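Before any comments, here is the structure.
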Amino acid sequence: MEFGVVFTVLIFFGLHVYGGVYCAKRAEKLNKSTGLWAVLGLLFPIISMIIIYNSKQDITWHSDSDINDAHNNT
684 MEFGVVFTVL
694 IFFGLHVYGG
704 VYCAKRAEKL
714 NKSTGLWAVL
724 GLLFPIISMI
734 IIYNSKQDIT
744 WHSDSDINDA
754 HNNT
């Protein structure tokens with residue numbers, strides 16, 4: 684094979700691997716599904732990196748039963 688073809692294939696696969704890793708790490712910081720974003724990053728690296736880069740953090744609310752119980756007992 685020619686050098687240009689090998690170089691293009693390496694860049695192509697490198698971009699897909701990097702896209703999967705980047706999307707998974709960014710999704711973990713944003714409290715999103717890391718597995719889903721890793722797969723999306725592998726399949727569609729440029730599109731998924733743009734989307735996850737511009738996403739906002741998912742806020743998870745936890746109920747604190749101690750506060751609710753203390754409030755109800757008074």
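Numbering (the working numbering), first residue to last: 684 to 757. Positions of the beta carbon are idealized from the N, C-alpha and C atoms, including for glycine. What you are looking at is a predicted structure, and each value in this text was computed from that prediction instead of being measured.
| Asked | Found |
| --- | --- |
| 9 angstroms Cβ cutoff met for I730 and A710 | no |
| First and last residue of the uninterrupted alpha helix (DSSP H) at S731 | 728-736 |
| Straight-line gap, E685 to G697 (C-alpha atoms, nearest Å) | 18 angstroms |
| CB-CB length for G687 against A707, believed under 8 angstroms | In fact, because the Cβ distance is near 31 angstroms, the residues do not count as touching under 8 angstroms. |
| Residue range of the alpha helix (DSSP H) that includes L713 | Where L713 is concerned, there is no enclosing alpha helix (DSSP H), given that its DSSP letter is neither H nor E. |
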